[in-house]
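Some notes on the structure that comes next.
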Amino acid sequence: MSASPLSFPSASFANRQALVFDSGVGGLSVAHEIRALLPDLPLLYVADSAFFPYGDKSDQALIDRLPSLLRDLTAKARADVVVIACNTASTIALEEIRAALSVPVIGTVPAIKPAAAQSRARVIGLLATPGTIARPYTDRLIETHAKDCRVLRHGSQDLVRLAEHFMAGEAVSDAALSAAIAPLRSQPDSAAMDVIVLACTHFPLLRSRLAELVGPDITFVDSGAAIARRTREILTALPALDAQARKAPRLNASWFTGDGPSPTLAYYLDSIGLPARPIDTQ
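Just so you know, we're using this note's numbering here: the sequence shown kicks off at 564 and counts up by one.
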């Protein structure tokens with residue numbers, strides 16, 4: 564019996580190249596999901612450390628920077644697909660990035676739809692950067708997918724920085740994490756909240772720590788697994804490579820546009836097969 568097309572039987576993506584992009588290390592949560600689903604897919608992780616953090620940048624600053632930067636990075640990496648593993652960049656500049664690139668671009672959308680499907684109490688928490696919280700795009704997602712839910716919002720740039728510190732091997736205290744999410748948990752109806760959307764790719768890096776603080780009655784959801792599935796769908800639909808393209812070098816590495824990783828982060832990147840390398844290394 565032939566396999567269903569939806570089962571993606573024994574597909575190999577070893578001759579393809581994915582580029583996963585974020586302002587810092589948050590997108591590693593998405594890279595992890597892609598690696599888990601597509602272990603043979605060469606993956607280049609790019610952190611725009613020269614412009615980190617995005618959450619306090621103006622919309623126009625990101626629109627001016629990202630399309631040309633990603634066009635250059637995509638050409639250097641010979642990427643077949645680009646994943647914008649950043650909610651802030653996706654909600655601001657995804658259209659402009661797609662217009663600038665000739666390969667498929669996958670954005671990151673706050674996981675409000677699956678959160679609404681899971682919530683029995685119909686009270687959802689939304690943790691994101693301040694910019695993502697305030698954008699009309701987020702309002703539209705809530706109106707479309709969670710109209711019958713009470714959505715409690717909190718934008719925390721502190722939580723982004725704590726995730727960066729955590730991945731750099733620095734101590735992150737429970738007190739600091741509690742303070743970062745306290746404005747969400749102190750809102751009216753927060754006692755009934757049963758699902759929290761981690762609408763910044765940095766936040767899943769702290770999922771286990773956050774879960775210890777909020778207890779077992781709250782479920783966390785994010786977009787990582789859905790992005791991995793979408794990556795597989797797009798790669799499966801691409802035309803076959805010619806012989807020359809199949810011989811092109813592939814990259815499993817991490818690039819940083821500014822300061823490189825701390826020793827702890829560099830060790831971690833080595834351990835997951837994405838060692839830090841200078842940009843342009845082929």
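C-beta atoms are modelled at their ideal positions from N, C-alpha and C, and glycine is treated no differently.
### Neighbourhood of His708 by C-beta distance below 7 Å, restricted to the same chain and skipping five residues each side
Taking the first residue of the sequence shown as position 1, residue 708 is located at position 145. Same-chain partners within the cutoff: Ile675, Lys676 and Ala679.
### Proximity to Ala745 [Cα-Cα], best of Arg703, Ile705 and Leu773
Stepping through the sequence shown from its first residue, residue 745 is reached at position 182. Closest option to Ala745, Cα to Cα, is Leu773.
### Message
In the DSSP assignment, the alpha helix (DSSP H) including Gly798 goes from what residue to what residue?
### Response
As a first step, residue 798 must be located in the sequence shown, where it is residue number 235. This sequence places Leu at residue 798; Gly is not what is there. Per DSSP, Leu798 belongs to the alpha helix (DSSP H) from Gly787 to Ala800.
### Query
Counting only runs that start and end within the segment 813 to 837, where is the beta strand (DSSP E) found for 3 or more residues in a row?
816 to 819
### Exposure of Thr827, with buried meaning 16 or more beta-carbon neighbours within 10 Å
Stepping through the sequence shown from its first residue, residue 827 is reached at position 264. Thr827 comes out exposed.
### Query
Who are the Cβ neighbours of Ala791 in its own chain at under 8 Å, not counting the five residues just before and after it?
Stepping through the sequence shown from its first residue, residue 791 is reached at position 228. Around Ala791: Val593, Glu596, Ile597, Ala599, Leu600 and Leu601.
### Task
Given a cut-off of 8 Å, decide if Val723 and Pro616 are closer than it, judged by their beta-carbon atoms.
As a position in the sequence shown, residue 616 is number 53, starting the count at 1. As a position in the sequence shown, residue 723 is number 160, starting the count at 1. Cβ distance < 8 Å, so Pro616 and Val723 count as in contact.
### Query
When the Cα atoms are used, what is the spatial distance from Ser719 to Val588?
The residue given as residue 719 occupies position 156 in the sequence shown. The residue given as residue 588 occupies position 25 in the sequence shown. One C-alpha to the other measures close to 16 Å.
### Message
Taking only three categories from DSSP, how would you classify Val760?
### Response
Your numbering for residue 760 matches position 197 in the sequence shown. It is a strand residue.
#### Entry: Rounded C-alpha distance that separates Ala762 from Gln580
Position 199 of the sequence shown holds residue 762. Position 17 of the sequence shown holds residue 580. Rounded to the nearest angstrom, the two C-alpha atoms are 26 Å apart.
### Task
Could you tell me whether the segment 835 to 842 touches the segment 802 to 820, using the rule of 3 or more Cβ pairs below 8 Å?
yes
### Task
Look up Val646 in the DSSP assignment and say whether it is helix, strand or coil.
On the sequence shown, position 83 is the one that residue 646 refers to. Reduced to three states, the DSSP call for Val646 is strand.
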